[in-house]
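Notes for the one structure printed next.
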Amino acid sequence: MVDIVFIVLALFAIFGGLGMILFAQPIYCALSLIVCLVALGGIFALLSAPFLFMVQIILYAGAIITLLLFIIMFLNIKDVNLPDEPNKVTTIFVGAALLIPFNILILKAFSTLPNKPMHILGKDFGSIHSFGIELFRGWLVPFELISILLLAALVGAVVYARKGSVDG
Amino acid sequence: MNNFLLAWIVLIPLLSSMTLGLMYLFSIKVIKIPNIVFTVLGLSSPFLSFMIGFSFFLQMIGNHEIFLYKAYRWLSVDGYDIDMGFMADKLSIFMVLFITFVGGLIHIYASGYMKTDKGYGKFFFYFNLFLASMLLLVLADSPIIMFIGWEGVGVCSYFLISYYYEDTKNVQAGNKAFIANRVGDLGFIIAMITMIYYVGSNGFDYINLEAGMQNVPINVLTFIGSALFVGAIGKSAQIPLFVWLPDAMAGPTPVSALIHAATMVTAGVYMVARFHFLYDLIPNVGLIIAYVGAFSALFAAIIATKQTDIKKILAYSTMSQLGYMFIAVGLGGYSVGIFHVFTHAFFKALLFMGAGAVIVALHHEQNIFKMGGMRSKTPIVYFAMLIATLAITGIPPFAGFFSKDEILLTAFSSGEYLIWGIGVLTAILTAYYMFRLLFVVFHGKNYQESRKLHTISKSMIMPLIVLAFGSIVAGFIGIPEILGGNNLVGSWLNDWKNSSLHVEHSREFILMGINILAAVIGTYVAYKKFFNYDMAIVPKYNGIIWKKFYIDEIYDRFIVKKVKEVSIFISYKVDVNFIDMIVMGLSRGFIKSGHFISKVQNANTRFYAFFMLVGISVISTYLIMVMR
Amino acid sequence: MNMPDFIYILPLFFVGVGAISLMILSTFKTITIKKGSVITLLFLLFAFFANVYNLNNEDGVYSIYPFVDIFNKMIIVDTFSGYFSTILILGAILTILIGLHYFQKHKGFTVEFFSLFLFSVFGMMLLVHSNELISAFVSLEIASISLYVMIGFEKVIDKRIEASYRYLVLGSLAGLFFLLGTSFIYAATQTTTLGEIGNMALNTVDSNTPLLIIGGTMILITFLFKIAAFPFQNWALDVYDGAPLPVTAYIAATFKAAIFGFILRLVVVDFDLIIDVWDKILVYIIIFTLAYGSFLAIIQKSLKRMLVASSIVHTGYLLIAFVSISVIGESAASSIIFYLVAYFLSALGAFGLIAYISSADQLRITYDDFRGFAKIRPYMAAMLSIFMLSLAGIPSTIGFIGKFYIFTGAIESGHSILAVVGIIATFISVYYYFKLIAVMYFYRSSEMTDVPPLQGIAPLIIGVIALFIIWGGVGNTLIAYFPGVDFLIDMAKSSYESLFLYG
Amino acid sequence: MADSLLSYIALAMILFSIGFLGVISRKNIFIVYMSIELMLNAINLIFISLGRYYETMVPQVMAMIIIAIAAAEAAVFLSLIVVLYRRKKSLDSDIFTVLSQKDAHE
Amino acid sequence: MDFGILSVIIFLPMFVAFSMLILPVGAKGTRNAAFLTAIIIFILVCMVYYNFQLSGYMQFREHHRWISTYGINYSLGIDGFSLIILMLIATLIPSAYLWLWDGRTKGYWVSMLLIQTGITGTLFSQDLILFYFFWEGMLLPVFMIIGMFGTGNRVFSTIKITVYTIMGSLFMLISILYLGVAFFYEFGSWSFALNDIVQITTLSRTEELWLFAGFMIAFAIKIPLFPFHTWLLETYSNSPTGGVFLLSSIMAKLGVYGIVRFVMPIFPDLYKEFAPYFVWIGIFGLIYFGIAALMQTNIKKMFAYSSASHLGFIVTGIFTLNVYGMTGAAFLIIAHAMATGGLFLLVGKMEYNLGIKAIPALGGIAKKAPVFTVFFGIMLLCIVGLPGTNGFVSEFLIILGTFGFSPSAGVVSALTVLIAASFMFWMFQRAILADNGNDVSQMKDLNFKEIVGMLPLAFLIIAMGVYPDWFFYKIEPTIQHYLVDILEIRNY
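Chains as they are written, first to last, in our numbering: chain Y, 11 to 178; chain E, 37 to 664; chain P, 28 to 530; chain U, 2 to 107; chain A, 282 to 773.
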């Protein structure tokens, strides 16, 4: 049962990803990405990470991609503005070929880890409670740093988004 | 002992020349110095040297003393010392005497000849320097010091030949002389260095060399002897290095008289005589020397028969006479050779000076066929020239007869009949071309009467007379025993007297007769052809003899031109197109690769990412292989 | 809160607070560029003094985890980080001083720029202080994101935003490999804290090594990307060229130092066991990096691009020392540190001076524009020459000593071939560095009135840098009781020692 | 299948590869951005599966941090896209070639 | 001599140069200061010469720590071989300054002073890194002086010589570093001092070969030996007088000096093993460059070739492995420095007056400038190796040494007397003596200062030719030391 769920979700994720890189229209791509991300969220849940499942749905599918869609709409890109991409598929195949050794390498390395059952753990694991405790006990520094990172990104976004005096 | 005076024989002309040189520079840059100052300085040095030399000569009479004087240690490397040493034995003193004497006379002559020249002081600077070098050459006690003089002589001749340096031709002639001499020097240096290694372990003066020579392998000695002889060939203008001598006539006539007749060119002969102890051990090389001399004599005589330039005729005759000398020294008759050097110095100097006088009188005309009838115009010169011509032709009792006769006698008695034959043949030719010259210049008729002659100063005439006298009597010091003389030269130089030189009296007389006959034949032919020659006709010569057997052209074509081609090939082809190409090609290659690589730098983000992907892929592949 | 611990993070604190306060201040119209820069300088100076205070620790070499119960060993303060912080802060200070003229002349800059600038300094400093991979990545991101924006700050210029875009895409892409590597290392060792990784690796030698190696390799890829090594170098030329000159100077001089500060710590402390695996890869990477940079630099006509291309070459030199670490840890690491200082000074000087010269207008860009420069501005030309000589590694400059250490180390560790390749690269570099000197001195100028005369603080600062370069190269041969070259290398060595205080 | 760590890793790597392919094959800068987001998510998947594998919360925290980083990048990226589109009126990343060596100021 | 006389000799010119740069002094003031410096250094060098002991070992040693981490020391010292080059420098430079007296800018004088520092520093260094330091440092002022004050395609030739010589010296640097590392591995401490480096025993033959090559390439380029000579032509023909003077008369010799000072003691076995090859390379260069010089129309290029030809001969000399050849080489270094230096000064004047370098465009100088011609002639005769000049003594000794090394090589090397004579005299004919109808009315004869400057050279050329032994005795113990102690040749 879990296997089937996993396979279905994995297929959704993969096809979502493929759709993202294959569709010409950005809007379709964004939608494919949402499919992919939601499927991934499902897999997170399979991996006993309910909090992250939630975050994935809300933050990614909800916020970031919505923002993306908003900007796509906002820019109102017409078909003529879309770049012509004749070599797309060729590049993908060549790139895929080049990525094979990389993937083999990584899978080979992971196969050295001993096999362990991966069924869903109890309620406590992955819950917001245990998550919060881990975050604030052990990972305060990165957490605080994230805030500074976001501040910096904020300043950057402001700088870019602000209309320059000679902008055009 | 007052041996240090030996050094002064050399030092006096040297100092005098230095003073002259500085004074000359001073005079052209600051204040003009009157010529008389130069004259006094320039002329006094040969005679002072002559006096000193004569004093040694006097001390030497009757004993076999050798005077040595080591001034200072010239060089000391690795415990091996070479001294700046002077040595006077009979040979060197003999040379010193006639060099200073004849040289002094030529100095006097030059003071008249060069009177109006702007570089009067410079001329005497060179002249004295030359004299100093020549004296060093003969007075040196070791080959290396001799070489200093040897080269000094060469470079002075260069400067004197190219004395009128504004004209390219003169400088070229000087260059030619110097380079040809240098070829000879190459041989000299090689010989010298070989000697140091094989012979000179105890010291490098003649005495030690002579002692050391005995136990050296014969092939080494042969090598040394041959190399040395190359030096002699260069200096004494023998085949094949003679080409410079005729061209050297570009210098002022006193130069020709001094250098190319009396002194410098005889250095080769002197050198062979000086190394008699070496050549005694290697008679084969001596024979080669004799043959080279013989052929040079003949060759030069043949060329001389067709020349028209008065000085060139004399130059070829010099070469021819030098050939005689080499015949003598090559066959071991060192004293004979030196005797001929001695007599030759007188009459050849006389010939040149006479010719010079004629040339001056005719406003520097040198073609004999444009002269003519000078007998009446310049009678003293005529008689001087006549005596000299008779002397060179070998008419008894003039100087040349005795020495030439002895040479031919030497050749005959050594059993080298071919050489003897060539010698006789050359004697005929000598008589022919010398009288040809004399007849054309002094007896030719229909010359341009209207020409106004340049006056010949007394200082030019006086030495002529002295030398004419010398040309008559010089031979008497070497009258062979057969004629009742006691061969002063031979006994003076008896160290070098070849013991094998004994033939029957009757045969000696016959030989003498043949010589006289040869001279007469030559003279007669010349008389027939050129006495009262019609000067209106300037003969146009052609043919191989007039062209001097194309030797110059051959050298030019096969050596000079080739070297120049190689030079151009090296400096403009190899260096520029090959070696520099590699260097520049390397840098161009760098820049080219830079441009090639910059294609990667195409500002395409996707491409950059792709490039990264390739890198990652390669690294992954490597890791897969490493980690199994 | 105990005071000593706080003192240790005071430099970081000052910079971070400075960044945030400038962000707030930037909303006020009254804060001009000049005032902003003064404030920035003020914060940086505080940080600098705090840092120097820390460095002058009475124990000599020190190593401390401040607030260990809260920060959980994720931040470390030791001589090593102090040394690098000094470089970074100094770089920032110098950049501000040199670039002030430039920022004032160019319209596009606002006070936010200084805020971002301080953010990036903060990120870099944090990077050398991080003792944990995730924090390190976050620090790296802080620095990078600030830099992306700083590069594209003048968004009216195509060049700038393109550079920004390219750096953003490729930088993020490269950053992903860092995360990937972290995940693998975590998979192998169940920790991301430096020091513990090494211990875990020691304990579980066999089973998880492949994962550790791959994780390390992934991090190495990011590292190679950030320092612009082959084959991850393409961005460098575009980005540096596209960036405003002071920013280019800043990135070239300091960012490399920060990256090396972290990676040295990581490699020396944790990857001791697996570093040999990379030797062969790195050898090829170095050769290609040197070749690529050299060939690219030789064809450049623009001075800026030449300096940038040559910075790839300098990356190659640094990597030579990096390879040597596996054999001769101490001297190789300290030679990297020394070379970083040498390059930092030379590059900052060179870029800074060019920035100063071309701040008024874009007139002096190519070699040819510098024709006869020595006649107009002899002192500037002399300084520029000193920088070029130092970059080329000619004796009597600090660059020579740096190269000396690196090549000696390479030979010592048996990588003679790398030393030879490095030498060849140096030899090529002579061509393009000396070309500038030749152009400045050997030609007559045509028209030369537009150069800003020597005024303000920038030329003074650059002059001081030039003197420092000479001092670093000559040392104490002339002045007997003055610290010589030894001083710098001793510092480098003690900072290396501090990495092992907690074994 | 869902019990094996390797299958999760494989899925993650596939997604990562797809993302990489997107970066190298697509000119549209939106899609480039989305590809990077996808890759980030793939890494998240690795972390989370590792968390499950070792039964610890740490990787989940890391994944959370990564999501935050992605958000920060998104802010800058998207604003940059706006700037780029405004200036170039195009989303084709291939036309941004001011800085290529060919066009470098001579 | 406890005040560090060698340091003073090295750094006084540099100090003066920098002072002049900073102080607001004009060209004239700088020139006076430079000349004064040269004179002071001459006096100091005379003191050194006077106090020099007749032994083959290093004297006047100075030793200070410099970069102690790597055992690099500031270590100076001289022996007989350095001494003669030092004397040469001290004599030549004031003379040259008198010649360059008028019309040079401040930068010119500063460069000259800096070059002097580089040269003397190179000469005294006993530590390999220090040596490299000065060796490279020397290049910079040369670079400046050629580039700023040269003629023709000066920038190109400047870059060429710089890149060329730096290439060589960088290979040497690698070799030096390698030696340092080898010393470290063998003895456990760092040192680059020559005395320490020579003790290394662990190098394999292959390593030694590479290191040897590294050193030799650097020196061969500087000298220059065939085939590393192509920088020479452009540089010599485009350099200003002072630059080419120093390049030809001193710096080229420093290449030879480097071989003797460093290559010989560090690689004695290879030195002996490769001696035949280098003897032949030298002889080949001698002939090759000599022939190439023949058809050069640019007078400075011709001298460049002539210089290269003689330097080949010097190299032959130092590789003959016997006292004759090596002393001869040392002597030829002096002789050639004086003659070539003098010639370049003279030609520089000619160029300065007439603005032409092509031989066909010259001629008739002798008439216009007799004193000039006299000095020209003396230098020329020295180059040609005429007895009575020191050129002969040295050539003779080298040929002697070469003959001792191999008779065939000796015989071939004797060709030098012919080759030099042919091109030099031909040039003399065309450029100076013969009147080719060219306008040389601008040519001025030497003025008083120039005569004073040239006199020491001319005097020494002749004095050393007439009484060479007087100059020999300071060198010989050093050469003996090289051969017996370093090369361990006892019976040669």
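Beta carbons: idealized from backbone N, C-alpha and C, even for Gly.
Which residue comes first and which comes last in the alpha helix (DSSP H) that contains tyrosine 201 of chain E?
Element bounds for tyrosine 201 of chain E: n/a, residue is neither H nor E.
Specify whether the segment 117–131 of chain E and the segment 616–627 of chain A touch according to this definition: at least 3 beta carbon pairs, one from each stretch, less than 8 Å apart.
With the cut-off at 8 Å, the segment 117–131 of chain E and the segment 616–627 of chain A do not touch.
Cα separation between valine 301 of chain E and leucine 358 of chain E?
8 Å
Skipping 5 residues on each side, what residues in its chain have a beta carbon closer than 6 Å to that of alanine 298 of chain A?
Within the same chain, Val391, Leu394 and Leu395 come within 6 Å of alanine 298 of chain A by CB-CB distance, once the 5 residues on both sides are set aside.
Mind checking who glutamate 159 of chain P pairs with in its DSSP beta bridge?
P/Thr220
DSSP has phenylalanine 103 of chain E in a bridge; who is on the other side?
E/Ala124
Determine contact between the segment 502–513 of chain A and the segment 380–387 of chain A, defined as no fewer than three beta-carbon pairs at a distance below 8 Å.
no
Could you give the DSSP three-state label for lysine 725 of chain A: helix, strand or coil?
Taken through DSSP and simplified to helix, strand or coil, lysine 725 of chain A comes out as coil.
Does threonine 608 of chain A have its Cβ less than 8 Å from a Cβ in chain E?
Output row for threonine 608 of chain A: interface = yes.
What does a CB cutoff of less than 6 Å around valine 476 of chain E pick up in its chain, not counting 5 residues either side in sequence?
So the list reads Ile404, Phe566 and Tyr569, once near-sequence residues are dropped.
With burial defined as no fewer than 16 other Cβ atoms inside 10 Å of the residue's Cβ, what is the status of tyrosine 331 of chain A: buried or exposed?
exposed
State yes or no: is the C-beta of lysine 186 of chain P within less than 8 Å of the C-beta of leucine 41 of chain U?
no
May I ask you to report which of helix, strand or coil DSSP gives glutamine 340 of chain A?
strand
Using three-state DSSP, classify isoleucine 130 of chain Y as helix, strand or coil.
coil
For tyrosine 432 of chain P, go through chain U and note every residue whose CB falls closer than 8 Å to its CB, in chain order.
Under the 8 Å cutoff, chain U gives no residues; its nearest Cβ is about 33 Å from tyrosine 432 of chain P.
Does DSSP put valine 274 of chain P in a helix, a strand or coil?
helix
Closer than 9 Å, Cβ to any Cβ of chain E: which residues of the segment 98–118 of chain Y, in chain order?
Thr101, Val104, Gly105, Ala107, Leu108, Leu109, Ile110, Pro111, Phe112, Asn113, Ile114, Leu115, Ile116 and Lys118
Might you give, ordered along the chain, the residues of its own chain that have their beta carbon closer than 8 Å to the beta carbon of lysine 328 of chain P, omitting 5 neighbours on each side?
Thr393, Tyr394 and Asp395
So which residues of chain B does methionine 576 of chain A contact, with C-beta pairs closer than 7 Å?
Absent here is chain B; the protein component of the structure consists of chains Y, E, P, U and A.
For the alpha helix (DSSP H) containing serine 376 of chain A, list its first residue and its last residue.
361–380
Could you compute how far the alpha carbon of leucine 469 of chain E sits from the alpha carbon of isoleucine 428 of chain E?
First, the amino acid is wrong: residue 469 of chain E is tyrosine here, not leucine. Near 11 Å, if we compare the C-alpha coordinates of isoleucine 428 of chain E and tyrosine 469 of chain E.
Taking C-beta to C-beta, are glutamine 5 of chain Y and leucine 41 of chain Y nearer than 8 Å?
Absent from the structure is residue 5 of chain Y, since the part of chain Y shown begins at 11 and ends at 178.
If isoleucine 184 of chain E and methionine 231 of chain E are in contact, beta carbons under 8 Å, what's the gap, nearest whole angstrom?
Actually they do not touch by this definition, with Cβ atoms about 16 Å apart.
Name the one or two DSSP bridge partners that aspartate 13 of chain Y has.
Its beta-bridge partners do not exist; DSSP assigns none.
Closest by CA to methionine 355 of chain E, which one among E/Gly368, E/His376 and E/Val138?
Selected option, being the one with the closest Cα: E/His376.
Could you please tell me which residues of the segment 198–227 of chain P, in chain order, have their CB closer than 7 Å to any CB of chain U?
Ser199, Leu200, Leu203, Leu206, Leu207, Ser210, Tyr213, Ala214 and Gln217
I'd like to know whether the C-beta of serine 536 of chain E is nearer than 8 Å to at least one C-beta of chain A.
Because serine 536 of chain E carries a pLDDT of 47, less than 50, the predicted location of this residue cannot be relied on, and the following value inherits that uncertainty. No - not a single Cβ of chain A is within 8 Å of the one on serine 536 of chain E.
Taking 8 Å as the CB-CB limit, is valine 45 of chain Y close to chain U?
no
Count the other C-beta atoms from every protein chain shown that fall within 10 angstroms of the C-beta of glutamate 589 of chain E, then say buried if there are 16 or more, exposed otherwise.
Label assigned to glutamate 589 of chain E: exposed.
So threonine 657 of chain E contacts chain Y; which residues on that side make the cut at Cβ distance below 7 Å?
Pro111
List the endpoints of the continuous alpha helix (DSSP H) containing glycine 115 of chain E.
For glycine 115 of chain E, there is no enclosing alpha helix (DSSP H), since its DSSP letter is neither H nor E.
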